[in-house]
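Okay, so here's the structure we're looking at.
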Amino acid sequence: MTDTTRQLAADAPPGRGSGGATGRGPRLDLTRLRDLSLVPVILVLCVIGFIVSPAFLTTDNLVGVVQQSTELSLLVLAEALILISGRMDLSLESTIGVAPVIAMWLVLPAHGGRFNGLGLLPGWTSVPVCLLVGVAIGAVNGFLILKLRVNGFIATLGMLTMLRGLQVGISQGQSIVTVPASFSYLGAAAWLGVPAAVWICLVLFALGGCALAWLRHGRALYAIGGNPEAARAAGIRVDRVTWAILCLGSGLAAFAGVLYTGHYGSVSATQGNGWIFQVFAAAVIGGISLNGGRGTLFGALTGVLTLQLVVNVMTLGGVPPLWNQFLNGAIIIVALVISRFASGEKQE
Amino acid sequence: MTDTTRQLAADAPPGRGSGGATGRGPRLDLTRLRDLSLVPVILVLCVIGFIVSPAFLTTDNLVGVVQQSTELSLLVLAEALILISGRMDLSLESTIGVAPVIAMWLVLPAHGGRFNGLGLLPGWTSVPVCLLVGVAIGAVNGFLILKLRVNGFIATLGMLTMLRGLQVGISQGQSIVTVPASFSYLGAAAWLGVPAAVWICLVLFALGGCALAWLRHGRALYAIGGNPEAARAAGIRVDRVTWAILCLGSGLAAFAGVLYTGHYGSVSATQGNGWIFQVFAAAVIGGISLNGGRGTLFGALTGVLTLQLVVNVMTLGGVPPLWNQFLNGAIIIVALVISRFASGEKQE
Amino acid sequence: MDAPAAVHAQGIVKRFGPTLALDGVRLTVRPGESHALVGRNGAGKSTLVSVLTGLHRPDAGTVTFHGEPAPAPGDRAAWQAEVACVYQKSMVVPDLTVAENLFLNRFDQHRSLVRWGRLRSRARELLAEYGVEVDPQRRAKDLTVEQRQFVEIARALSFGARLIILDEPTAQLDASGIQRLFTRLRELQRQGVAFLFISHHLQEVYDLCTTVTVYRDARHVLTAPVADVAKRELVAAMTGDSPAERASRHAAGAAVPGAAETVLRAERLCLDGQFDPIDLTVRRGEVLGVAGATASGNTALGETLAGLRKPTAGRITVRGRTVRPGSVPHALDAGIGYVPEDRQRQGLVLNRSVAENATLTVADQLGPWGTVLPSRTRAFAQRVITSLDIKTSGPDQPVNALSGGNQQKVVIARALAREPHCLVAIRPTAGVDVKSKEALLGVVRGVAQEGRAAVIVSDELDDLRVCDRVLALFHGRVVAEFDRGWTDQALVAAMEGVTEQRRHAASEGGGQ
Amino acid sequence: NRGSSATAGTSGKVGIDLPRADSDFWNSYAQYLNQGIKSGVVSALPLSNSQNDIGKLVANVHAFTDQGAKAVVIAPQDTGAIASTLDELAAKKVPVISVDTRPDKGKVYMVVRADNRAYGTKACDYLGQQLKGQGKVVEFEGDLSSINGRDRSQAFGDCMKTKYPKIQVFALPTNWQGDVASAKLQSVLAQHPDINGIYLQAGGVFLQPTLALLQQKGLLKPVGTTGHITIISNDGIPQEYDAIRAGKIDATISQPADLYAEYALYYAKEALAGKTFQPGSTDHGSTIVAIPNGLEDQLPAPLVTKANVDDPKLWANQLQKKQ
Ligand SMILES: Nc1ncnc2c1ncn2[C@@H]1O[C@H](COP(=O)(O)OP(=O)(O)OP(=O)(O)O)[C@@H](O)[C@H]1O
Ligand SMILES: Nc1ncnc2c1ncn2[C@@H]1O[C@H](COP(=O)(O)OP(=O)(O)OP(=O)(O)O)[C@@H](O)[C@H]1O
Ligand SMILES: [Mg+2]
Ligand SMILES: [Mg+2]
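Residue numbers (this note's numbering), protein chains in the order written: chain A, -13 to 334; chain B, -13 to 334; chain C, 1018 to 1529; chain D, 123 to 445.
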């Protein structure tokens, strides 16, 4: 026995807590622990929140927090899937804005309104059109990354700028206030007293989580992210799947745009501006590896909630406006460090 | 004989143009070609610029373009060094702002001005203090990345937010207009009719280029970025060198802050805001690999000039303001694609 | 004869950019036949493998299985039904469990839902069937090299294909591992499974195979029954020149006088979980071998000597000077040269030039004031290229364009660059073809002849033959020490921990 | 022929830079500029857009002078970092008209802006009166590092402290982001359900998110009914007028995009003609005041309520007529 343990110890890659090496039980715990690593952080935040203001633990407030995280969480969901399969997409932050604008442009009547579209399509098509636009954007990203083989980070960065510019160009920089009812419904409606958006996000995360856990194509993402060659040898159509995921991701971003529009009552000209950093922060402190092949959607979700709770607690606590941003950054770092040590894995 | 030639053929690395097979000369050309890949782009831009406006080719205009690129190019220089050694630093974009502010805070008199500092130090210390602050920031990044082993991307992202917040907190969001003469001199002065900043940048790039080419520690960066383990096994003090480079990088960013202050006449509250994406774009289209171990400073420099020329040409060409940003993004992508095919290397 | 070949490849041409990897080669493996494919590094073996398994589409030529044309390039399932393969480079997904790696993308034929419980039990059965004791729950990256190799082999075999390709499966296995593998393979042979077996260990070819095919420089050279070709002819065919005097016999040269000064000494050196306190001394002109199977801790010992690992106790001295423990730079300065175990991982900066890699350790000697003069660098590189005869188009060629053998030479050049008093080399000939192997071992021997010393940490008998003295490690203890003239059986037995005969047992830990 | 004589002196071209293209307000400003230029007030180089980046602004100004611009109209969103550029222009004898912001340093020919401090004070007074000097008020602050945001915040804060000490103010920094504003308002509402007033520092960004949130929380009661939250916005864009007419919000402060454009061009023309101005009241109901580095024409920023929301003279109403 001693020798097997020694042997295991020998193989344990450096830095994984010594627990990593020994036997089965601990390892499982560790794996699960990686996803739970933010739970303590969230609990601490809740305690602080409760201390700074009794209003924190009211359903109103908590539901509010969750509702505010819906759009962001969808982007994180999308980015998480893309990261797990070993890619990156920065352009999501623009897709959430440009997809609805293009949809409105195609759908809204050519005159009368403050923003004049082409009026090519009936109002009810706005949501599907918006999603299609998202998918199309994903396809373009896929083409750049998989066919032209240019660096994904910069390619999607260029797309980010270009799409934002496209939005400004089409909307002439205005917010679009009058949108078809069908378009704003999902973001505004409430089911069983809880915003519809919340239900939808939960469902989507649940679906995504199950897909990653039990579906063949879900597992394929981990394989592709972990070792593309092996995946290919095992008969997974690496490029096709990756492309599909890029499309799906952008589609989700477009859908986030739909919710956003309903939630905030208009397609704002700066919708999603500067979100991508938050998206990455949430995903990574949630335990998703930027090198692909590792992480769970549950972790990502905890990441989003952490960031949103921070804002909420700081507001309730009445942090002096001038030091708001500073604290925000500090807390990201703290959360990152905690999740790194809780999961016991170096995040190279 | 025949089979030696075949052997040569066999030993040629893949995809580097048929020239790669035959002996040294061509390969060298090819390697250099990777750094020159943006030169055609720049030439095209110049032609366009000349067509759209005769004012383009005036020394005034061209010197102007170069001068406007100085601060950005210093950040790119810093990021390039860090990328070559296989790391990333997003916080540079905040360092360029916060370092001068802290320096001013320590140096400026405690009352009188619109912005009141602590007046702890004499005015002439402002530049050195600023640089020291930069180095200190780099040290903190190094600590997070190398000691705590957290993900560098997110850690420096957190630093980015935190430092920006720190700047807002200290400066109360104001621009600091009255700065010591010594502090604004370098950015404002002109030597031989050309802005001092331009000379300084050229010298710094030249120095950096030589260091990378001919200095022991310069070569070490490539080794570290290319394969840290091998570098370590070869007796290179990987962590120490990396740490030093992070400090140097932040120091350069702080120095860019000094130039910025002199150039624009004040420590602006939004100094460097949102630059980091440009920095990465410039570096990567300039042929620096995000995976480390590859790229040259000359390439990076061409990257910066390309981006800056685009802005200049678009202004001279009178691009409709609404479509400005769109073109910007589009051109990044085009440049990326061109540099990818000119260098003939997949940018995974 | 009459039965259609398990696989028949004809006129296969494959180029990678400028590189002609396969030049109209042919290969035929009959049903139930064990076919060896040998050739020097870069001969095109692995490339042929990827063609035969449908990973690469040949530029020209045809492949048929049992007389039928090969499946469509995209149709992996069909390929996998025809031929199973253990590739040269690891094909597991590090972060996934062994169970999942075993059944990657074929969890359940019909249902797209994965049933984990069932998957695990199937994995357990599979591993048990092939005698691999690995917990299917473990993540692949936590496995030892050997365990991983066996998992891949088990996976390959589990497809139930009648043709199995093994590309250098033994390169990373120790003797016992190889034995286990071979017993398993022989079983399959009896069941009439056909093999294509690639290895640089010709002995294995003779042990296992009936027919052998030799490639040289992307061309087919010969195919013949193994029985009909003597080793020297085989080598001749691979290298294309008249057979050299093989140095497989024990190292020649005068015995090292016990009086010779000690170059490297380790006193009660120990690293928890790796090896127990060990004393060893290496004298001028001596080559010391440290033999040991995978888990024996001999690699760890080597890495500790080189300063890559920090010992928990004990001290290392070079010519009486104590070396600061756990610091590579100090080890280098003290005069310890190091050839790491895995050239791809620790040896080379793959995208940099041969010159740069070769001079990595001497960067401080190539110019004044910390400068590195390109002229001197290239000159230095040129010297080692000629002295070690490294096959390269010049000092400026990136090393990732060199074959394994040549890459390994660059690593050794780097280790010798500082003219160390003592060279520590871990498995210096791993995955290197016979010709290069002799050259490399010759170099190591040469170091000793020049009045310096060397330590070879390895489990390959060919490596250990050049040693004057061999310590055998088993589970972190020195279980035996051999002078020259040891027999293979004795040494292997010692490495396997079967220490019934313990002539000059080491002063230290004769344990059990 | 007055026009011709006026344009007689104005041989040179004017370089005009727009600060950003992603806000209703600045796009209306651009529209008015284009109208003015078409009607030949001045001849201008093609408009440039500095995307809220001072570096781009400076680059564009350089381009203008290289193209021989004789006067420059800018709207520096960073009032510090423009200083040295102003000095250069002064050296080149190119007069500068600064719209909307007052540069901290460097010579300007004329600053054309409505006093942002006045916005804050107006809003404070309006809320103070409506709430009879007590209650709880939420203030959406803009970006703390933008001069206009800061002026409005400070003026509002000071006024509240001095004049209406009984009113409790929750100042929420938002970086001009609607979703941030909404999130923070939601938090505050959870804490204090009895908020009586809201001050939106920029209707363009905050209006819709605020209305949407109140709607969802059932707090959007028509003006006059009990439990109505008094909302005063800032900008004077058409959407705000709609909201006022619909009784959703009470008032807004019209930041005169039309006057910004009109007088930017007017002063550019006069500058080219070599005319100089003196402090004092003007013919267009505003006053020119002397500032350390030049003059400032403080344009009127009318408070718009249900009473005068249909006044055709308001720029947003003219905008609607156009469409
Ligand atoms: N990925 C690749 N890109 C370019 N050329 C390649 C690549 N892989 C192999 N080659 C070429 O194919 C030739 C044969 O390579 P291969 O790997 O088949 O050699 P090998 O016989 O497997 O050598 P070894 O015994 O070292 O494995 C090499 O000369 C090389 O030039
Ligand atoms: N990426 C590559 N680009 C160009 N040539 C290559 C590349 N990889 C391998 N080669 C060529 O392939 C030949 C050997 O390739 P390969 O990598 O299979 O050898 P190897 O696998 O390192 O040998 P072994 O695995 O037996 O140690 C060499 O001649 C080399 O020129
Ligand atoms: Mg091979
Ligand atoms: Mg090989």
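Every residue, glycine too, gets a C-beta built ideally from N, C-alpha and C. This structure is a prediction, so every number in the text was calculated from the model and none was measured.
Judged by DSSP secondary structure, C/Lys1031 falls within the beta strand (DSSP E) whose first and last residues are 1024 to 1033. DSSP, read as helix, strand or coil, puts C/Lys1062 in helix. Among the residues facing chain B, A/Asn314 is included, as its CB has a counterpart in that chain under 7 Å away. Using a Cβ-Cβ cut-off of 7 Å, D/Pro168 is close to Gly304 of chain B, given in chain order. Counting along the chain, the unbroken alpha helix (DSSP H) around D/Tyr248 starts and ends at 238 to 252.
C-alpha of D/Gln361 to C-alpha of D/Tyr154: approximately 18 Å in a straight line.
Linking B/Ile37 to B/Val305 through their CA atoms gives a straight-line distance of about 14 Å. When DSSP states are grouped into helix, strand and coil, B/Trp177 belongs to the strand group. Contact annotation: B/Ala268 and B/Val62 have beta-carbon atoms nearer than 7 Å. D/Gln290 is bridged by DSSP to D/Lys258. A/Leu134 has a beta carbon lying at 7 Å or more from every beta carbon in chain C.
Within chain B, the residues whose beta carbon sits less than 8 Å from that of C/Arg1369 are Tyr208, Ala209, Gly212, Gly279, listed in sequence order. Around B/Arg223, the beta-carbon contacts reaching into chain C at under 7 Å are Pro1346. Ranked by Cα distance from B/Gly272, the options B/Leu106, B/Leu117, B/Ser161, B/Phe284 are led by B/Phe284. Closer than 7 Å to the CB of A/Met148 there is at least one CB belonging to chain B. Between A/Thr44 and chain D, the shortest Cβ-Cβ separation is below 7 Å.
Closer than 7 Å to the CB of A/Trp200 there is at least one CB belonging to chain C. Assignment of beta-bridge partners to C/Ser1370 by DSSP yields C/Pro1415.
Chain order gives no chain D residues near B/Val290, where near means a beta carbon separation below 9 Å; the closest approach is about 12 Å. It is roughly 45 Å from the alpha-carbon of D/Lys258 to the alpha-carbon of B/Gly248.
Against chain D, the CB of B/Tyr171 has no partner CB under 7 Å away; the residue lies outside that interface. Residue pairing by DSSP leaves D/Lys178 without any beta bridge partner. A contact between stretches requires three or more CB pairs, one per stretch, nearer than 8 Å, and the region 343 to 358 of chain D fails this requirement with the region 409 to 418 of chain D.
Within the region 1279 to 1335 of chain C, the complete alpha helix (DSSP H) segments of 4 residues or longer fall at 1315 to 1323, listed in chain order.
With a 10 Å radius around the Cβ and a threshold of 16 neighbouring Cβ atoms, B/Ala175 comes out exposed. Looking at the DSSP output, D/Leu322 bridges to D/Phe262. Per DSSP, C/Glu1221 is not a residue of any beta strand (DSSP E); the alpha helix (DSSP H) it occupies stretches across 1219 to 1225.
The beta carbon of A/Ser55 lies closer than 7 Å to those of Val290, Leu291, Gln294 in the same chain, with the five residues before and after it left out. Rounded to the nearest whole angstrom, the C-alpha separation of D/Ser309 and A/Val51 is 8 Å. If the five residues before and after B/Val136 are omitted, its C-beta is found closer than 7 Å to the C-beta atoms of Leu130, all from its own chain and listed in chain order. At least one CB of chain D lies nearer than 7 Å to the CB of A/Gly50. Between B/Ser236 and B/Thr45, the gap from beta carbon to beta carbon reaches 7 Å or more. Rounded to whole angstroms, the separation of the alpha carbons of B/Val27 and B/Ile324 is 8 Å. DSSP lists D/Ala191 as the beta-bridge partner residues of D/Lys135. Apart from the 5 residues on each side of it in sequence, C/Glu1284 sits with its Cβ closer than 7 Å to the Cβ of Asp1296, Gly1331, Arg1332 in its chain, given in chain order.
Its chain contains Leu149, Leu152, Gln153 as the residues whose beta carbon lies nearer than 6 Å to that of B/Val84, once the 5 sequence neighbours on both sides are disregarded; these appear in chain order.
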